[in-house]
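Written out as C-alpha cells, the structure reads:
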C-alpha cells in the first residue's frame with residue numbers, strides 16, 4: 248500500500264475524552280472515530296488490525312474443529328422470554344420495536360438463538376458433539392460506555408457454542424477450546440493468562456477468563472509462576488493459615504489519640520501491621536456486622552456476600568456505628584459492643600494471637616488481644632479477603648504474584664441450563680430423548696485490539712506485535728518526487744518486499760522526515776526502512792525495528808535478510 | 248471438509264412459506280434458517296457461499312483502489328435529521344431508543360455516517376479523490392419481508408462512497424466502479440446486465456443497476472444485443488414513431504355488444520390490435536384524465552407521473568367514469584366526453600390514423616377515427632408506455648429484447664446533495680472551501696446468493712457457478728467403514744485434491760448412494776466423484792459434472808486432469 252493512496256489521518260493532540268492509553272493512541276493514530284457514545288467507525292487503518300485478529304481467531308477455531316455460521320444481530324423477544332432473560336438481562340439489552348410493533352433486541356450474546364437453532368437442527372446423538380461459532384457484531388447498552396473499543400456498546404465478538412450428550416464430552420471440548428484460545432493469544436503475540444474464573448456449581452474448572460496482562464487492566468490476577476495456576480484476585484482462595492498460637496501478652500488499653508488506621512496504630516505501637524486487626528462495620532439483612540481483617544489485608548466483597556445473611560450489605564454510617572459500638576470510626580473493634588452484633592473474621596484473623604484492635608473508645612486501642620480470653624469466638628470464620636502477592640497459591644505451588652489484566656476471552660461450561668429452558672433434545676443411541684450439555688466460548692475481537700495496545704506501547708505510540716501490525720515494514724521516502732533515484736529505489740524495494748509476501752507500506756506522502764517518522768512510530772509499524780539521497784550514495788539503507796533504540800545502516804542483502812527474519 | 252464433521256441438514260419437503268425457487272432451495276439445502284420475519288441464520292453451508300461472494304467483492308473493490316473501513320450499524324438520529332431522512336426515509340428505517348432515551352436507527356444505508364466521517368477527516372483536495380467501502384450488516388424494516396434473503400430485513404451489503412472535487416472526477420470513479428462491478432459479476436459466473444436506471448438531473452448516465460438475469464426476476468430489462476444498451480423497462484424510452492398518416496377511412500359506429508377489451512374488439516372487427524386505442528380513466532390533481540395507449544401497449548406509470556399535473560393519480564371508479572364519459576368501462580373513449588377531461592396520448596397513439604376507440608356508449612365502438620377530423624388534438628403527447636420486445640432501442644442499435652432480472656448492484660452519482668446538507672467541505676488547491684461531489688456504489692452481497700440460485704438451478708437443486716460453490720468437488724463414498732480399500736482410496740483422493748488447493752468435501756456420512764447423490768446435487772457441488780468397491784476393482788472412478796447429463800468412468804490421471812481443468 249502506498250500511503251498517498253490510503254487514508255491515514257493521525258492527530259497530535261491527545262483527545263480530551265480518552266481516559267486510557269489505548270483509546271488515546273487509537274484516536275491519535277486515526278484507527279477509530281467516534282460516531283456516538285460507545286459507537287465507533289473503524290477507519291481503514293484500524294480495520295486492518297481488526298481483520299488480522301479476526302483472521303487468527305477464525306483460523307484457530309476452524310483448526311479446532313468448530314464450524315462457522317452467522318446468526319442475525321436482531322433477535323425476537325419470544326426467545327428471550329423462554330429463558331427469562333428478556334427481563335433478567337437488564338439495561339444492557341437494547342430493546343427494539345419494529346413497524347409492526349413486534350419486539351426484538353440487538354443481540355448482546357446468542358445463547359437463545361443458537362439453542363433455538365440447535366433444537367430445530369440437532370435431533371440425533373450422531374450429530375453431536377458439535378461446536379458452532381460466528382464472528383459477528385454485538386450490542387450492549389452499557390450505562391457508561393468508555394475507554395473506546397475497550398468497553399464499546401457496538402463491538403465485534405467471536406462466540407461459539409458447543410453441544411454434547413454428556414458432561415464428559417463437554418469437558419473435552421472445553422479443554423479443546425482452552426487449548427485453541429491459548430494458541431490464539433500466543434499467535435497474536437500477547438502476554439496473557441488463563442484465569443480460573445469460578446469454581447461453581449458445574450464442578451471442576453467450569454470457567455476460565457483469558458486476560459491480556461497490562462498495568463492498566465481492570466482485573467487483578469493472582470498467579471503462580473511455578474504452576475499454571477491463575478485466578479482473579481476476587482476469586483482466588485486465600486489458603487487457611489496455621490493453627491492459632493497461645494496468648495503470650497496481657498490485654499492492654501493504649502492511647503492512640505490521633506491514630507485511626509491500622510498502619511498509624513502499628514507505627515505508634517511499633518508492632519507489625521500484620522498483628523493489627525481492622526474492623527469494617529456493615530449493615531446487612533442480618534443486622535449490624537463487623538468484618539475483621541488483618542491490617543495488611545483487603546476485604547473481598549464477593550467472598551463475604553457468599554456467607555449466610557450477607558448476600559446484600561452496605562457500609563454502616565457513623566450513627567449506626569456509634570449506636571452499636573459506642574465509638575466513632577477509627578477506634579472501633581469487636582470487644583464489648585454496646586449492642587449485639589455479628590462478628591465475621593477472616594481465617595487469618597481467627598488464627599491470630601496477641602493482636603491489636605480498636606477499643607470502642609475515641610483515642611484508644613487494645614493490644615495483646617486474644618480470642619476466647621478477651622473476645623468471644625467469631626460468629627463466622629471464612630475466607631473473606633483478597634489474596635495478595637506472596638500469599639501461598641491455592642494449588643500449593645508456591646507464592647502468588649499479582650498482575651493486572653484485561654479480559655479478552657471466556658470459556659464456560661453452561662451445562663443444560665439453556666437447552667432445558669428451551670426444550671432442546673436429541674435422541675441418544677438408545678433412542679431416548681436427552682437434554683444436551685452446552686459450552687460457550689467468547690472472544691472480544693475488537694477489545695483485543697485495545698488490550699494489545701495497553702500492553703504494547705511507549706511514549707512514541709503503539710508497538711504492535713507483528714501478528715497484529717497493519718503492515719510489517721514501512722518504507723519512508725525522504726523527498727519523494729524531487730530525487731528520481733530515491734523514488735526508484737523506494738519503488739523497487741517496495742516491489743521486492745511485496746514479491747516476498749511481506750506486507751509493506753510505502754510512505755510517499757512527501758512529509759518532512761520528522762513528521763513521517765512520528766506517524767510511522769505512532770501507528771506502530773514493527774520495521775522501518777528510510778530511503779534518502781544520502782543513504783543511496785553510500786549503498787546503505789537505514790533500518791530500525793520499532794522496539795530497537797537505534798537504527799542501523801545495512802546493505803540491501805543484509806536488509807532483506809533482517810526483514811525476512813523479523814516478519815511472520 | 249469431511250461431511251461427518253460438518254453440519255449438513257437437507258430437507259426433502261418444500262417449505263410452505265417459501266414462494267420462490269431460491270428460497271425453497273436455500274431452505275431445502277439447509278443454507279438458511281428463519282429466526283423471525285425477514286431475519287435468517289446462515290448455516291455453515293450457506294455461510295461458505297456467502298463468504299465466497301464477499302471475498303470476490305472485497306478483492307475487486309481493493310483492486311479498484313477503494314479503501315475498506317467499517318462503520319457502525321447503529322446510527323444516531325441527529326445525523327439523519329441533518330439530511331431530513333429521519334422522517335423522509337419512511338417505515339423501512341428501524342428506529343431505536345437506548346436506555347438513556349437517545350434515538351438511533353439500525354443503518355439501512357450509510358450516506359449520513361460516511362458524510363459525517365468525511366467532513367471530519369477530509370480537509371484538503373490532496374486527500375481526494377477517495378473511495379471508502381465496507382461490507383456490513385444492514386437492516387430495512389420491509390413491510391412485507393419475503394423471498395428469503397432476496398428481500399430480507401437484515402442483510403449483508405457492500406456499500407462504497409467516493410468523494411471528489413469535480414463532477415468530472417466523480418464521473419471517472421463512477422466508470423471505475425462500473426468496471427469493477429462488471430469484473431465482480433463476471434468472476435461470480437453470473438449472467439447479468441448493467442441497466443441504465445435513470446437519466447436524471449446530474450446528467451449522462453448517473454445511475455446504473457446491475458441485474459442478474461433470471462426468469463423469476465422482479466425487474467423487466469430492455470436491452471439491445473447489438474450494443475451495450477440496457478434499461479429497466481420502466482425507464483427505457485420508447486422511440487417516437489414516424490409521422491401521422493392522412494385519414495383514409497370514414498368514422499363509423501360499430502356494435503360491439505360484449506367486446507370490452509381492445510383484443511376482443513380487434514378480433515370482432517378483424518383489425519390489427521395495433522390499430523386499436525385503449526382509454527385508461529384516471530383521476531389526478533388536475534382532474535379527470537384519459538390516458539390513451541395503443542391496444543398492444545402497456546401504460547408506464549412512472550413516465551406518466553412525470554407529466555405536469557400527474558405526479559399523483561389513481562384509477563377512476565365507475566361512478567366517475569359514467570359522470571365524465573356517459574358510459575360504463577369497456578366502451579369508453581376520448582370522443583365527446585360528457586364533461587371536460589384531459590387527454591394524454593402516448594406518442595404512438597398521437598401518430599395513428601384510422602383507429603378504433605370506445606364510443607362512450609355501452610355496446611359500441613368507433614372505427615376509422617382520426618385526430619383533428621373526429622377528435623381534438625390531445626392535451627399532452629408523451630412517451631407514457633413501456634417498451635416491448637421488438638421496439639427500436641433508444642440508442643438506435645436495433646430491436647429491443649426483454650429479459651427479467653434481479654437487481655444486485657447499483658452505482659449512483661449522488662452529486663453534492665449529502666455533502667451540502669451536512670456541510671462537508673474541503674479546501675481546493677487555491678485554499679477555497681469546496682463542497683465535494685459524491686458517488687455511492689452498493690452490492691447486495693446476501694441477495695447475490697439467492698439471485699445466483701434463481702439463475703442456476705434445475706429439478707435436482709442448485710447448480711452453483713464454480714466461483715460460488717461451497718466446494719468444487721464432492722467425493723461420495725459408497726459403504727464407508729465396510730470396505731477398507733474404499734475408505735483408503737477416498738481418503739487418498741481427498742488428500743491429493745486438497746494438496747492441489749482444490750476445495751473438496753468428502754461425504755463419509757454413510758448414507759445410501761441415492762440419498763447421498765441427492766444431497767450433493769441439491770447443494771449444487773459442481774463436480775462429483777463416486778468411490779465404490781466395484782469401481783475400484785476396475786481401476787476406474789465415476790466422475791460427473793453437475794451440469795452434465797451422465798457420469799463418465801475415468802482413470803485416476805484423467806480424473807485429476809478433468810478436475811484441475813474445471814476448478815477455479
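Residue numbers (our numbering), protein chains in the order written: chain Y, 248 to 815; chain F, 248 to 815.
Quick reminder that beta carbons are idealized off the backbone N, C-alpha and C, glycines included.
What does residue i reach in chain Y if we use C-beta pairs closer than 8 Å?
| i | result |
| --- | --- |
| residue 260 of chain F | The premise fails here: residue 260 of chain F is roughly 14 Å from chain Y at the closest Cβ pair, so nothing lies under 8 Å. |
| residue 372 of chain F | Correct list: empty, because the minimum Cβ distance to chain Y is about 13 Å. |
Determine, using beta carbons only, whether residue i and residue j come nearer to each other than 8 Å.
| i | j | result |
| --- | --- | --- |
| residue 480 of chain Y | residue 653 of chain Y | no |
| residue 377 of chain Y | residue 410 of chain Y | yes |
| residue 722 of chain F | residue 276 of chain F | no |
| residue 455 of chain F | residue 444 of chain F | yes |
| residue 351 of chain F | residue 323 of chain F | yes |
| residue 720 of chain Y | residue 734 of chain Y | no |
| residue 634 of chain F | residue 483 of chain F | yes |
| residue 701 of chain Y | residue 267 of chain Y | yes |
| residue 676 of chain F | residue 372 of chain F | yes |
| residue 503 of chain F | residue 573 of chain F | no |
| residue 588 of chain F | residue 536 of chain F | yes |
| residue 380 of chain Y | residue 313 of chain Y | yes |
| residue 619 of chain Y | residue 580 of chain Y | no |
| residue 527 of chain Y | residue 546 of chain Y | yes |
| residue 712 of chain F | residue 436 of chain F | yes |
Along chain Y, in chain order, which residues have C-beta atoms closer than 7 Å to that of residue i?
| i | result |
| --- | --- |
| residue 334 of chain F | Near residue 334 of chain F there are no residues of chain Y at all, since even the closest Cβ is about 15 Å away, more than 7 Å. |
| residue 390 of chain F | 346 |
| residue 401 of chain F | 319, 320, 321 |
| residue 384 of chain F | 320, 384 |
| residue 619 of chain F | Result: empty, since nearest Cβ-Cβ is about 53 Å, beyond 7 Å. |
Cα-Cα, which of the options is closest to residue i?
| i | options | result |
| --- | --- | --- |
| residue 375 of chain F | F:745, F:672, F:688 | F:672 |
| residue 273 of chain F | F:285, F:289, F:416, F:812 | F:289 |
| residue 477 of chain Y | Y:547, Y:646, Y:683, Y:805 | Y:646 |
| residue 630 of chain Y | Y:253, Y:539, Y:284, Y:730 | Y:539 |
| residue 794 of chain Y | Y:613, Y:772, Y:517 | Y:772 |
| residue 550 of chain F | F:251, F:542, F:559 | F:559 |
| residue 493 of chain Y | Y:579, Y:686, Y:615 | Y:615 |
| residue 569 of chain F | F:597, F:554, F:585 | F:585 |
| residue 740 of chain F | F:501, F:778, F:458 | F:778 |
| residue 661 of chain F | F:284, F:366, F:369, F:407 | F:407 |
Counting only Cβ pairs nearer than 8 Å, list the residues of chain F close to residue i.
| i | result |
| --- | --- |
| residue 273 of chain Y | Here the premise fails: no neighbours, minimum Cβ distance about 14 Å. |
| residue 280 of chain Y | 364, 367, 368 |
Taking Cβ-Cβ distances shorter than 7 Å, what residues in chain F pair up with residue i?
| i | result |
| --- | --- |
| residue 256 of chain Y | 368 |
| residue 287 of chain Y | 319 |
| residue 252 of chain Y | 312 |
Which residues in chain F sit within 9 Å of residue i, going by Cβ to Cβ distance?
| i | result |
| --- | --- |
| residue 516 of chain Y | Per Cβ cutoff of 9 Å: no residues; residue 516 of chain Y is ~52 Å from chain F at best. |
Subject >> Under 8 Å (Cβ pairs) to chain F, residues found in the region 652-684 of chain Y >> reply: Along the region 652-684 of chain Y, none of the residues has a CB nearer than 8 Å to a CB of chain F.
Subject >> Segment contact flag, the region 384-399 of chain F with the region 659-668 of chain F, C-beta cutoff 8 Å, min 3 pairs >> reply: Flag = no, the region 384-399 of chain F and the region 659-668 of chain F do not touch.
Subject >> Stretch-stretch touch, CB-based, cutoff 8 Å, three pairs: the region 686-697 of chain Y with the region 484-499 of chain Y >> reply: Judged by Cβ distances under 8 Å, the region 686-697 of chain Y makes no contact with the region 484-499 of chain Y, as fewer than three pairs qualify.
**OP:** Answer yes if the region 335-355 of chain F comes into contact with the region 331-349 of chain Y, meaning at least three C-beta pairs across the two stretches below 8 Å, and no otherwise.
**Re:** Contact between the region 331-349 of chain Y and the region 335-355 of chain F is present: three or more C-beta pairs spanning the two stretches fall below 8 Å.
Subject >> Residues within the region 297-320 of chain F neighbouring chain Y, beta-carbon criterion of under 8 Å >> reply: Against chain Y - using a Cβ distance shorter than 8 Å - the residues of the region 297-320 of chain F are 297, 312, 314, 315, 316, 317, 318, 319, 320.
Original post:
What residues in the region 772-783 of chain F bring their beta carbon closer than 8 Å to a beta carbon of chain Y?
Top reply: Answer in chain order: no residues at all.
**OP:** Give, in chain order, every residue of the region 349-369 of chain Y whose Cβ lies closer than 8 Å to some Cβ of chain F.
**Re:** Going along the region 349-369 of chain Y in chain order, one finds 349, 351, 353, 360, 363, 364, 367, 368 with a Cβ nearer than 8 Å to chain F.
**OP:** Tell me, please, whether the region 412-423 of chain Y touches the region 293-309 of chain Y by the rule of three or more beta-carbon pairs shorter than 8 Å.
**Re:** The region 412-423 of chain Y makes no contact with the region 293-309 of chain Y, as fewer than three CB pairs between them are under 8 Å.
Original post:
Do the region 742-761 of chain Y and the region 785-794 of chain Y touch if we need at least three Cβ pairs shorter than 8 Å?
Top reply: Flag = no, the region 742-761 of chain Y and the region 785-794 of chain Y do not touch.
Original post:
So does the region 801-811 of chain Y actually touch the region 705-712 of chain F, counting three or more Cβ pairs closer than 8 Å?
Top reply: With a cut-off of 8 Å, the region 705-712 of chain F and the region 801-811 of chain Y do not count as touching, because too few Cβ pairs lie within range.
Subject >> chain F contacts from the region 717-739 of chain Y (Cβ-Cβ distance under 9 Å) >> reply: Cβ contacts with chain F come from no residue of the region 717-739 of chain Y.
Original post:
With contact counted as at least three CB pairs below 8 Å, one residue from each stretch, are the region 354-362 of chain F and the region 249-259 of chain F in contact?
Top reply: Touching, no, given that fewer than three Cβ pairs across the two stretches are closer than 8 Å.
Subject >> Within 7 Å of chain Y by C-beta, residues of the region 753-764 of chain F in sequence order >> reply: From the region 753-764 of chain F, no residue has a Cβ closer than 7 Å to chain Y.
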